[in-house]
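Residue numbers (this note's numbering), protein chains in the order written: chain C, 6 to 379; chain G, 1352 to 1643.
C-beta: ideal position from N, C-alpha, C; glycine also.
Computed from a predicted structure; not experimentally measured.
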Amino acid sequence: MRKALIIFFCITTWRLAEGLSCPAATVLFSPFDSLAGWSVRSVGASEAGIVHRPNSMQAVELTSRGGTVFLTRELPLADVAGCRLTVNCLVESDAIVPGVQLSSTGKVHLAVESPEGLAHYSARFSGTSPLHREGFSADVPADARRVVLNLGLEACSGTARFGRLVVENDKRGIHPLDLSQTANAGHDQLGIEAFPSGTVEWEGIPFRIMNADDHDGSDCFRLRGIGHDDWPANTASPIPAGTCASAIYILHGALGGRETSETPSAIWSASFAGGQDNGLSLFEGREIGAIGRTEDAENWQVAWQSEAADGRPVTFGVTKWVVYSDAPLVGLSCRAYNGAPPVVLAITVVEEPPAPPQEEGQFDEMGEGFSEGE
Amino acid sequence: MMSQAGATTWRLVKLAAPAAIIAWAAVSSWYAWQARPIRSSTSSPLPPEGAATVTPEEQAAAAKLFAGVQDRQQRFLAVVEAAKVQERDGADADAVREALAAAMKAAAAGDVEAVDARIATAERMLDEMGLGGSSVAAGGTAAAVAGMVARIEPAYLLGRELLTEGHAAVEKLVRRASRDLTTGEPGRAAALLQLAADLSGGETPAPAAATVPEWFTALADAPPTTATQAEAEAAVSLAEAMAASESPAPPVMTLVKRARRELDAGRPNEAYWWAGVALNALGIAEEAVAAR
């Protein structure tokens, strides 16, 4: 009966999530490669630590022997007050024996404290279960005072593992990425006489241009290409994202780019939690335009334009890269292929409403759904 | 062999309150309880002769007194029912039986104040039996309460800080315990704290404490719960329905039964409060309880 209630609760909450009509923004994504930002709190005999699960997945493992152990953190009110939150997490349990109260189980739990009182939202589980997804949606009043997220075991015994936690609100998510670890050139160095600074706004999407003074003279990154065989072939390290993503917008241009090309000048790769990858090939004249080109290309729209000292136009455009994954975007990388060298100024990730989570079915070790026939 | 005092006690109740006959008839194990001898309890505040003999004349006189005051009769029957439940759960309710017998003798003597005092004594004994679900480690002293508070303090404070789901029921019990201690009821406070410990996942070893901490004392200021009869009935019914479907652990069942006993005894405020604790322990959030 208890299990049935829990299943009903989860299905109900997921159906609520399906009904969302607003875009979403990632408030928190924890791949649990560390416990940074979290506190481990316990009463009674307990253990907590990061463990490696199959397929390179990391999880936090909590064990309690009749007491309580929680991985806990407060969510920032600025991101959650007045929003509907969606919380989902991969969970695995070993021999969890419920305690005295009905809430004395393993759980993903959100407590919302407001002047009206305290509201609880939780997905509870017990017994032994393979990796599966647990989650719920929660309405946070605008005058909320505290919103506390707890993962763990409350007044019970057993072991629970939590992986890939995502908390989203119902706002549109816009996340300019930090390119500081990838920056490898200043525009002067590339012979680009005019260059944007601060924030470039394009169709409501902000692109933050690096300040060269803060990055050893670098305000962009470029990769190897025709005429520049000695430039880096790859991004120095993955560009960290850590957010759900519907589309990735790249502000860039090709140095000495051509009208068309038979081969891509560069290939982007987006890595998602769980191991899924998405790719985007940049063909000149289609997904990337030459710096100075004033007409839009098929998927490269001029977003910033200026003039060099001799009056020649200097332009950079935006390429929209639509990605398809329920899992959060972990990072981006780019490698040169065979074409004009790409020069990247900024990248912004935008989140639209998430696809409704799967209500039933099974999940593999990576938490991806699969049908019985597979 | 059934003791004379046990048999006469319940025979009188039958005379005094027809409802008790129905209740007894519904509980087949009741006669086994009657058959158990009353033992003299040195811990009982009752005089040892209190339950020894209740004559037929006294029974008749007591029946008249009980029949005349329904509230008192309700309280008496509620204690009887609770004592039966306690014994079914394995507790020793002989001291309660003695108190009830003393209440009957006082009733026969027309001493209304003594009747109320004896019934109150029986009620307090039931409280101090650990509310049925747990054994009371404390001895009913302020020092014992301080020790209990020290042992549950880590779990209590963690639940309060992290706003855990299980904290709602614990908070209510601890608040009530604080108030009981303040009003000079350390035994009842200890019983409530033991139940709070059961609900919060056990106790943590702690050094002996001579006094309770400030945070505990501060909880005594909480206003008492008020509820109408209808609100209390609704809350108790909901708790019983939830308990029937969820088969909760004994401490939670104790809460539900206690709520029913308070309702049967004509104390809607108490019934509502206990039902609220029970519903919290059954996973029903505070606002849902209040909305009933």
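Practice task
Would you please verify whether the beta carbon of serine 98 of chain C is less than 9 Å from any beta carbon of chain G?
Solution key: Here residue 98 of chain C corresponds to residue number 93 of the first sequence, with the count starting at 1. For serine 98 of chain C, the answer is no, since every Cβ of chain G falls outside 9 Å of its Cβ.
Exercise for the section: Give me whichever residues DSSP pairs with lysine 112 of chain C in a beta bridge. Expected result: Residue 112 of chain C sits at position 107 when you count from the first residue of the first sequence. DSSP lists C:Arg129 and C:Gly157 as the beta-bridge partner residues of lysine 112 of chain C.
Exercise for the section: Measuring only between beta-carbons, confirm whether alanine 160 of chain C sits less than 9 Å from chain G. Expected result: What you label residue 160 of chain C is simply residue 155 of the first sequence in a count that begins at 1. Yes, alanine 160 of chain C lies at the interface with chain G (some Cβ there is under 9 Å from its Cβ).
Exercise for the section: Could you name the residues of chain G that threonine 164 of chain C contacts, counting a contact when the two beta carbons are closer than 8 Å? Expected result: Looking up residue 164 of chain C in the first sequence gives position 159. Per Cβ cutoff of 8 Å: no residues; threonine 164 of chain C is ~16 Å from chain G at best.
Handout entry: Helix, strand or coil at asparagine 216 of chain C [DSSP, three-state]
Key = Locating residue 216 of chain C in the first sequence gives position 211, where the first residue counts as 1. Correct three-state label for asparagine 216 of chain C: coil.
Problem - proline 59 of chain C classed as buried or exposed, judged by whether at least 16 other C-beta atoms fall within 10 angstroms - result: Numbered from 1 along the first sequence, position 54 holds the residue referred to as residue 59 of chain C. Label assigned to proline 59 of chain C: exposed.
Handout entry: Rounded C-alpha distance that separates methionine 62 of chain C from alanine 165 of chain C
Key = Along the first sequence, read from residue 1 onward, the residue named residue 62 of chain C stands at position 57. Along the first sequence, read from residue 1 onward, the residue named residue 165 of chain C stands at position 160. When the Cα atoms are used, methionine 62 of chain C and alanine 165 of chain C turn out to be separated by approximately 15 Å.
Handout entry: Opposing strand residues paired with glutamate 66 of chain C [DSSP bridges]
Key = Locating residue 66 of chain C in the first sequence gives position 61, counting from the first residue. According to DSSP, glutamate 66 of chain C bridges with C:Gly54 and C:Arg166.
Problem - Coil, strand or helix - glycine 222 of chain C by DSSP - result: Here residue 222 of chain C corresponds to residue number 217 of the first sequence, with the count starting at 1. Shown here, glycine 222 of chain C sits in coil according to DSSP, grouped into three states, outside any helix or strand.
Handout entry: Residues of its chain near aspartate 301 of chain C, where Cβ-Cβ distance is below 8 Å and the 5 sequence neighbours each way are ignored
Key = Here residue 301 of chain C corresponds to residue number 296 of the first sequence, with the count starting at 1. Close CB contacts of aspartate 301 of chain C within its chain, under the 8 Å cut and outside five residues either way in sequence, are with Gly294, Val307 and Gly322 (chain order).
Exercise for the section: Tell whether a beta-carbon distance below 9 Å holds between proline 201 of chain C and tryptophan 273 of chain C. Expected result: Stepping through the first sequence from its first residue, residue 201 of chain C is reached at position 196. Stepping through the first sequence from its first residue, residue 273 of chain C is reached at position 268. Taking 9 Å as the Cβ cut-off, proline 201 of chain C and tryptophan 273 of chain C do not qualify as a contacting pair.
Exercise for the section: Please list the residues of the region 1597 to 1618 of chain G that have a C-beta atom closer than 9 Å to any C-beta atom in chain C, keeping them in chain order. Expected result: Hits within the stretch, in order: Glu1597, Ser1598, Pro1599, Ala1600, Pro1601, Pro1602 and Val1603.
Problem - Spatially closest choice to proline 211 of chain C from C:Thr240, C:Tyr254, C:Leu195 and C:Asp175, by CA coordinates - result: Mapped onto the first sequence, residue 211 of chain C falls at position 206. If we check each option's Cα against that of proline 211 of chain C, C:Tyr254 comes out closest.
Handout entry: Residue span of the beta strand (DSSP E) that contains serine 47 of chain C, given as start and end
Key = In the first sequence, counting from the first residue as 1, residue 47 of chain C sits at position 42. DSSP places serine 47 of chain C inside the beta strand (DSSP E), whose first and last residues are 44 to 48.
Problem - Opposing strand residues paired with glutamine 310 of chain C [DSSP bridges] - result: Here residue 310 of chain C refers to the residue found at position 305 when the first sequence is read from its first residue. DSSP lists C:Thr320 as partners of glutamine 310 of chain C.
Exercise for the section: Under 8 Å by Cβ, that's how I've got alanine 351 of chain C and arginine 213 of chain C pegged, so tell me the actual separation to the nearest angstrom. Expected result: Along the first sequence, one-based indexing puts residue 351 of chain C at 346. Along the first sequence, one-based indexing puts residue 213 of chain C at 208. For a cut-off of 8 Å, the C-beta gap from alanine 351 of chain C to arginine 213 of chain C is around 6 Å, short enough to register as a contact.
Exercise for the section: List the residues of chain C that threonine 1555 of chain G touches, going by C-beta distances under 7 Å, in chain order. Expected result: Position 204 of the second sequence, counted from the first residue, corresponds to residue 1555 of chain G. Listed by position along chain C, the residues whose Cβ is nearer than 7 Å to that of threonine 1555 of chain G are Val48 and Gly49.
Handout entry: Runs of alpha helix (DSSP H) lying entirely within the region 1539 to 1610 of chain G, each at least 4 residues, in chain order
Key = Restricting attention to alpha helix (DSSP H) runs no shorter than 4 residues, the region 1539 to 1610 of chain G encloses them at 1565 to 1569 and 1580 to 1597, ordered along the chain.
Handout entry: Own chain partners of alanine 1488 of chain G with C-beta closer than 6 Å, once the 5 adjacent residues on each side are dropped
Key = Here residue 1488 of chain G refers to the residue found at position 137 when the second sequence is read from its first residue. Residue placement at alanine 1488 of chain G is flagged as unreliable, the pLDDT there being 41, under the threshold of 50; the coordinate-derived value follows with that caveat. Closer than 6 Å at the Cβ level, and outside the excluded window around alanine 1488 of chain G, lies no residue.
Exercise for the section: Taking only beta-carbon positions, decide if tryptophan 1381 of chain G is within less than 9 Å of chain C. Expected result: Locating residue 1381 of chain G in the second sequence gives position 30, where the first residue counts as 1. Confidence at tryptophan 1381 of chain G is low in this model, with a pLDDT of 31, below 50, so its placement is unreliable and the value that follows should be read with caution. It does not; no Cβ of chain C falls within 9 Å.
Exercise for the section: Reducing DSSP to helix, strand and coil, say where isoleucine 293 of chain C ends up. Expected result: What you label residue 293 of chain C is simply residue 288 of the first sequence in a count that begins at 1. Isoleucine 293 of chain C: strand per DSSP, three-state reduction.
Handout entry: Boundaries (first-last residue) of the beta strand (DSSP E) holding isoleucine 179 of chain C
Key = Along the first sequence, read from residue 1 onward, the residue named residue 179 of chain C stands at position 174. Isoleucine 179 of chain C: member of the beta strand (DSSP E) spanning 178 to 181, first to last residue.
Handout entry: Reduced DSSP category for valine 1487 of chain G - H, G, I as helix; E, B as strand; rest coil
Key = Within the second sequence, residue 1487 of chain G is the residue found at index 136, counting from 1. Residue placement at valine 1487 of chain G is flagged as unreliable, the pLDDT there being 43, under the threshold of 50; the coordinate-derived value follows with that caveat. DSSP places valine 1487 of chain G in coil when its eight states are reduced to three.
Exercise for the section: Reducing DSSP to helix, strand and coil, say where aspartate 235 of chain C ends up. Expected result: Translated into positions along the first sequence, residue 235 of chain C becomes position 230. Aspartate 235 of chain C falls in the coil class under three-state DSSP.
Practice task
Tell me, please, whether the CB atom of proline 1564 of chain G is closer than 9 Å to any CB atom in chain C?
Solution key: Looking up residue 1564 of chain G in the second sequence gives position 213. No, proline 1564 of chain G does not count as interfacial toward chain C.
Exercise for the section: Enumerate in chain order the residues of its own chain whose CB-to-CB distance from alanine 1433 of chain G is below 6 Å, with the five nearest sequence positions on each side excluded. Expected result: Translated into the one-based positions of the second sequence, residue 1433 of chain G becomes position 82. Within the same chain, alanine 1433 of chain G has close Cβ partners Leu1477 and Arg1612.
Problem - Per-residue contacts from serine 109 of chain C into chain G (C-beta, under 7 Å) - result: Along the first sequence, one-based indexing puts residue 109 of chain C at 104. Within chain G, the residues near serine 109 of chain C are Gly1517 and Gly1552.
Practice task
Please state whether DSSP places alanine 341 of chain C in a helix, a strand or coil.
Solution key: As a working mapping, residue 341 of chain C is identified with position 336 in the first sequence. Reduced to three states, the DSSP call for alanine 341 of chain C is strand.
Practice task
Can you grab the Cα-Cα spacing for the pair alanine 128 of chain C / isoleucine 1503 of chain G, in whole Å?
Solution key: To locate residue 128 of chain C, count along the first sequence from 1; it is residue 123. To locate residue 1503 of chain G, count along the second sequence from 1; it is residue 152. Answer to the nearest angstrom: the Cα atoms are 26 Å apart.
Exercise for the section: Please confirm if alanine 1520 of chain G has its CB atom under 9 Å from at least one CB of chain C. Expected result: Numbered from its first residue, the second sequence carries residue 1520 of chain G at position 169. Yes, alanine 1520 of chain G counts as interfacial toward chain C.
Handout entry: Assumed close pair proline 347 of chain C, alanine 275 of chain C - CB separation to whole angstroms, cut-off 8 Å
Key = Taking the first residue of the first sequence as 1, we reach residue 347 of chain C at position 342. Taking the first residue of the first sequence as 1, we reach residue 275 of chain C at position 270. Actually they do not touch by this definition, with Cβ atoms about 16 Å apart.
Practice task
Indicate whether at least one CB of chain C lies closer than 9 Å to the CB of tryptophan 1625 of chain G.
Solution key: As a working mapping, residue 1625 of chain G is identified with position 274 in the second sequence. False, the Cβ-Cβ gap to chain C never drops below 9 Å.
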